[in-house]
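See below for the structure under consideration.
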Amino acid sequence: MKFFPPCLLLSFGLHLATLSADGSPLLYLGFSGTNLSMDETATITPSGLLELTNGIVNRKGHAFYPAPLHFRKSHNGKVQSLSISFVFGIRSSYLSMTQHGLAFVVAPSKNFTDALANQYLGLTNTVKNGNPKNHFFAVELDTALSIEFKDIDANHVVININDLNSIESSSAGYYDDTSASFQNLSLNSGEAMQVWVAYDGQAKQINVTIAPLEKEKPVRPLI
Ligand SMILES: *[C@@H]1O[C@H](CO)[C@@H](O)[C@H](O)[C@H]1NC(C)=O
Ligand SMILES: *[C@@H]1O[C@H](CO)[C@@H](O)[C@H](O)[C@H]1NC(C)=O
Ligand SMILES: *[C@@H]1O[C@H](CO)[C@@H](O)[C@H](O)[C@H]1NC(C)=O
Ligand SMILES: *[C@@H]1O[C@H](CO)[C@@H](O)[C@H](O)[C@H]1NC(C)=O
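According to mature numbering (1 follows the signal peptide of the UniProt record, and there is no 0), the stretch in the sequence shown is residues -23 to -1, 1 to 200, in order.
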């Protein structure tokens, strides 16, 4: 039996120097009245949450910023440093049985019609997975263990580039600033959690950090 939980987004922010002349970030504090390109199960709830999936089995939903964003200042320039943060919740009536999860994705196209749901997370399909022409970058929040993608457990955070076989992965959690100890987080607890994705264009390094909503951003990244 499979129970597919609703995946919800509460807020989203992106900071990238080329976005606006004054350097102000792209920021959604709730999604009411926003102009996102949504497909399939994605919808905005009356309270302004972005609901990606709604509990119906074998379904997927996407929400994209409607216009292309420029990650380079010029065509041959290097990808600039950027930072993203968002707040999400995965809610289910069946706490110990949920799948699969959600992903933050940067891609050259909004058309994911032929991507599969379930362990493909609406990103690829059996044929396309791993193709360098996919040109996608994703941070995946995954609540199921897919052996075919060598998942480490049923509650993990991963970085994907063109492929659901991850570049880096970790069990969900964070390093406490004071004790330095690792604190487990259960992605499908229904609690709101915040994710930070930071890319350093100089070092060409991506950091991913996750913490409960009430916590400050932990100093040490998860990945
Ligand atoms: C929504 O965004 C698209 C793409 O940028 C634009 O063409 C359209 O006019 C926008 N619609 C509204 C209502 O702002
Ligand atoms: C989206 O992709 C599908 C499958 O690759 C294709 O059949 C369809 O025409 C595309 N839709 C648009 C609007 O480009
Ligand atoms: C944290 O999660 C790991 C992996 O699932 C598990 O082995 C460990 O016992 C958990 N620790 C706590 C304190 O729950
Ligand atoms: C990523 O994390 C490392 C280790 O904490 C840190 O040195 C680096 O500055 C971080 N980079 C970004 C872009 O946050």
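Using N, Cα and C, we set each Cβ at its ideal position, and we do this for glycine too.
Computed from a prediction, not measured in an experiment: that's the story for all the values here.
Proximity to residue i [Cα-Cα], best of the options
i        : options                             : result
ALA131   : ASN165, VAL174, LEU141 and GLU145   : ASN165
LEU6     : THR20, LEU27 and ALA19              : LEU27
THR20    : VAL34, LEU162 and LEU(-15)          : LEU(-15)
ASP154   : THR120, GLY178, LEU59 and LEU199    : LEU199
GLY25    : PRO109, LEU13, SER51 and LEU(-10)   : LEU13
PHE114   : LYS37, ASP140, LYS105 and THR30     : ASP140
ALA94    : VAL185, THR18 and GLY(-11)          : THR18
PHE(-12) : SER62, LEU29 and SER51              : SER62
GLY66    : GLN171, HIS39, SER86 and LEU(-8)    : GLN171
ALA169   : ALA157, PHE126, SER156 and GLU191   : GLU191
TYR42    : GLN182, PHE126, LYS181 and LEU(-10) : LEU(-10)
SER58    : ARG197, SER86, GLY150 and GLN182    : GLN182
ALA121   : GLN96, THR103 and CYS(-17)          : GLN96
ARG49    : GLY178, PRO189, ASP16 and PRO195    : GLY178
SER1     : VAL56, SER60, THR101 and LYS37      : SER60
Cβ distance (whole Å) where residue i is taken to contact residue j below 8 angstroms
i           : j      : result
VAL134      : PHE81  : Actually they are not in contact, since the Cβ atoms of VAL134 and PHE81 sit about 11 angstroms apart, beyond 8 angstroms.
residue 204 : GLY78  : Residue numbering for the chain in the displayed model covers -23 to 200; residue 204 lies beyond these limits and cannot be assessed.
VAL136      : ILE124 : The sequence shown places Ile at residue 136, rather than the Val named in the question. With a Cβ gap of about 19 angstroms, ILE136 and ILE124 do not count as contacting.
Buried versus exposed, by CB contacts within 10 Å (16 or more), residue i
i       : result
PRO23   : exposed
GLU193  : exposed
ASN111  : buried
ASN35   : exposed
ALA40   : buried
ASN106  : buried
GLU(-8) : For clarity, residue -8 is Leu in the given sequence; the question names Glu instead. So LEU(-8) counts as buried.
ILE129  : exposed
ILE187  : buried
Problem set entry | Below 6 angstroms from a heavy atom of ligand 2 - residues by beta-carbon | ASN88, THR90 and ASP91
For this session: Report all residues for which the CB-ligand distance to some heavy atom of ligand 4 is below 5 angstroms; order them along the chain.
Result: ALA175, ASP177, ASN184 and PRO198
Exercise. In chain order, which alpha helix (DSSP H) runs of at least 4 residues are fully inside the segment 30 to 101?
Worked result: none
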